[in-house]
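Under my numbering, the first residue of the sequence shown is numbered 358, with each subsequent residue one higher.
These notes are about the structure you will find just below.
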Amino acid sequence: MRLKKVFSRYSSVDMPFIPIVLWVILICIPFFIGCHQESKVQPNVPPEVSVIEIVPGDMPVVFTFVGQTHSSHQVEIRARINGFLNKRVYSEGAMVKAGQVLFEMDPKPFRVQLDQAEAALAKQQAALEVAQANLARVKPLTELDALSRKDLDDATSRAQSAAAEVEQAKAQVESARLNLSYCTITSPIDGITSAALQQEGAYISAQDNQLTTVMVLSPIWVNFSVSENEMQNFHAAVGKGLLKPPAPDRYETEIILVDGTVYPYTGWVTFADPMYDEKSGTFLNRASIPNPDGVLRPNQYVRVRLKGVIRPAAIQVPQQAVQMGTKGHFVWVVNPDDKVDPRPVEVGEWHGSNWFINDGLRAGERVVVEGGLGLLPRMKVKAQIYKEKPVTEDRG
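Below, the structure written as structure tokens:
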């Protein structure tokens, strides 16, 4: 009876203690398991990096400039005489051939001048005939002493003077004939015409009035300027052997139109001005471009791409491989033992998504492209070949 009371007393008092104990045990089990697992030594896993192998090679270098088109032969059409403009014969903006009539001026005053000159010539020729006949009579009489020596000299002088007057009259006829021909104004070249600057019926002065312009379209010139800094940097790179110009300075020229399309015909640089333009701070250059279809017109702005320069044995790496440190640019190089070391490099120009390396890398070395953040000198890495991601076109 006493035992039963004792049991009932403990059961009524201590029963809530059992769930608490069980709960504490469940909480502690993961802790002991974790401590057991952490007691095991974890191996050091080398970080994965993507690398490229340096393979030098000759790389073409393209220089881009802004250019403006100009006619390779442009002629201002002007009148050579003073007079009234009778007619415009050509169609404004049309192509014309050399010798094609563009304008006609009033020829009547110049026909009159030609008639007067021809009449004066006929008169002088008649006077010459009389003088020559008189000389022919005087000469034998002088030999017979029938006339004095002075008479012969006078007859000879009159004949020579008459001959000179004839030559002068002939020149006047030729001048009048030229002036009459100038009434018909023709194009001296094949080309395209501009608008007429004078209207029919206007009085034209040979000194002041321009009538129109004729421009050759093929070949067409493209002028572009190279700054002083660009010129100096180019010559410095050539002197260091970083760039190799074409021989003999024959630069192929490609034209990019305003809409971004490539013009189908390429040309060559034909002129480089040795004189420095102090006003613009540039050197003038000119390329000659075939333009058989007349697509390019004078005064257009285009982009000029010069080809022919080679960067010999060039080394280039993706831009993300180059990092900036306290002492300048550097890359991570993976050694044969798969350990990395930082390598200072001298960077050159950008080439697409890559960067030219002028100094600091050699053929066959492996350079980290991806995974370079967090690396430390002599850290062992797991290298894999870098796969370049496709570049998407940005049309703005």
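By construction, the Cβ of each residue, glycine as well, lies at the ideal position given by its N, Cα and C atoms.
Since we're looking at a predicted model, the values are computed, not measured.
Reference residue 562, options 440, 426, 645, closest by Cα: If you number the sequence shown from 1, residue 562 lands on position 205. Per the Cα distances, 440.
If you draw a straight line from the C-alpha of residue 716 to the C-alpha of residue 652, how long is it? In the sequence shown, residue 716 corresponds to position 359, counting from 1. In the sequence shown, residue 652 corresponds to position 295, counting from 1. About 45 Å.
Have a look at 445, 685, 713 and flag the residue whose alpha-carbon is nearest the alpha-carbon of residue 674. Here residue 674 refers to the residue found at position 317 when the sequence shown is read from its first residue. When only C-alpha atoms are compared, the closest one is 713.
Between the alpha carbons of residue 551 and residue 571, how many angstroms are there, rounded? Stepping through the sequence shown from its first residue, residue 551 is reached at position 194. Stepping through the sequence shown from its first residue, residue 571 is reached at position 214. Between residue 551 and residue 571, the C-alpha separation is close to 6 Å.
In this structure, how does DSSP classify residue 600 when only helix, strand and coil are distinguished? Position 243 of the sequence shown, counted from the first residue, corresponds to residue 600. In this structure, residue 600 counts as coil in the three-state DSSP scheme.
Selection from 490, 518, 533 that minimises the alpha carbon distance to residue 473: Counting from 1 along the sequence shown, the entry for residue 473 is found at position 116. Of 490, 518, 533, the residue nearest in Cα terms is 533.
Residues bridged to residue 724 [DSSP beta-bridge criterion]: As a first step, residue 724 is located in the sequence shown; it is residue number 367 there, counting from the start. Per DSSP, 409, 690.
In terms of residue numbering, what span does the beta strand (DSSP E) encompassing residue 513 cover? On the sequence shown, residue 513 is found 156 positions in, with the first residue counted as 1. Per DSSP, residue 513 belongs to no beta strand (DSSP E); it is in the alpha helix (DSSP H), 506-538.
Kindly say whether residue 404, judged by its beta-carbon, lies nearer than 8 Å to any beta-carbon of chain D. The displayed structure is made up of one protein chain only, and chain D is not part of it.
Between residue 598 and residue 669, what straight-line distance do the alpha-carbon atoms span, to the nearest angstrom? Within the sequence shown, residue 598 is the residue found at index 241, counting from 1. Within the sequence shown, residue 669 is the residue found at index 312, counting from 1. The alpha-carbon atoms of residue 598 and residue 669 are separated by roughly 8 Å.
Residue 667 to residue 739 span [Cα, whole Å]: Residue mapping note: residue 667 aligns to position 310 of the sequence shown, counting from 1. Residue mapping note: residue 739 aligns to position 382 of the sequence shown, counting from 1. Those two C-alpha atoms are separated by around 36 Å.
For residue 501, count the other beta carbons within 10 Å of its own beta carbon; 16 or more makes it buried, fewer makes it exposed. Which is it? Counting from one through the sequence shown, the residue named residue 501 turns up at place 144. Counting C-beta atoms within 10 angstroms of its own C-beta, residue 501 has fewer than 16 neighbours from the protein chains shown and is therefore classed as exposed.
Bridge-paired residues (DSSP) for residue 423: Reading the sequence shown from its first residue, position 66 is the one you call residue 423. For residue 423, which the question treats as bridged, DSSP gives the partners 660.
Three-state secondary structure assigned by DSSP to residue 616: Walking along the sequence shown from the start, residue 616 turns up at place 259. Under the three-state reduction of DSSP output, residue 616 falls in the coil class, being neither helix nor strand.
Tell me which residues share the same chain as residue 408 and place their Cβ nearer than 8 Å to its Cβ, disregarding the 5 neighbours each side in the sequence. As a position in the sequence shown, residue 408 is number 51, starting the count at 1. Excluding sequence neighbours, residue 408 sits near 691, 723, 724, 725, 726, 740, 741, 742, 743.
Is the beta carbon of residue 578 less than 8 Å from the beta carbon of residue 662? Taking the sequence shown and counting its residues from 1, one reaches residue 578 at position 221. Taking the sequence shown and counting its residues from 1, one reaches residue 662 at position 305. Against a cut-off of 8 Å, the Cβ pair of residue 662 and residue 578 comes out as no contact.
Sheet register partners of residue 546 (DSSP bridge): Within the sequence shown, numbered from 1, the residue matching residue 546 stands at position 189. The partner list for residue 546 (beta bridge, DSSP) is empty, contrary to what the question assumes.
Bridge-paired residues (DSSP) for residue 681: Here residue 681 is taken as the residue at index 324 of the sequence shown, counted from 1. Its beta-bridge partners are 686.
Grab the span of the alpha helix (DSSP H) containing residue 433 for me, first residue to last. Residue mapping note: residue 433 aligns to position 76 of the sequence shown, counting from 1. Premise fails: residue 433 lies in the beta strand (DSSP E), 431-435, not in any alpha helix (DSSP H).
Please report the residue range of the alpha helix (DSSP H) in which residue 478 lies. Numbered from 1 along the sequence shown, position 121 holds the residue referred to as residue 478. Annotation for residue 478: the continuous alpha helix (DSSP H) segment containing it runs 465-500.
Consult DSSP for residue 559 and reduce its assignment to one of helix, strand or coil. As a first step, residue 559 is located in the sequence shown; it is residue number 202 there, counting from the start. Three-state result, residue 559: coil.
For residue 543 and residue 471, which I take to be in contact (beta-carbon distance under 8 Å), what is that distance rounded to the nearest angstrom? One-based indexing of the sequence shown puts residue 543 at position 186. One-based indexing of the sequence shown puts residue 471 at position 114. Contact between residue 543 and residue 471 does not hold, since the beta-carbon distance rounds to 19 Å and is not under 8 Å.
Which one or two residues does DSSP pair with residue 637 in a beta bridge? Taking the sequence shown and counting its residues from 1, one reaches residue 637 at position 280. Its beta-bridge partners do not exist; DSSP assigns none.
Pick from 649, 710, 694, 702 that is closest to residue 452, judged by C-alpha positions: Locating residue 452 in the sequence shown gives position 95, where the first residue counts as 1. When only C-alpha atoms are compared, the closest one is 649.
Using a Cβ-Cβ cutoff of less than 6 Å, which residues in the same chain neighbour residue 385 once the five nearest sequence positions on both sides are dropped? By 1-based counting over the sequence shown, the position of residue 385 is 28. Note on residue 385: pLDDT 49, under 50, position unreliable in the model; no value is reported.
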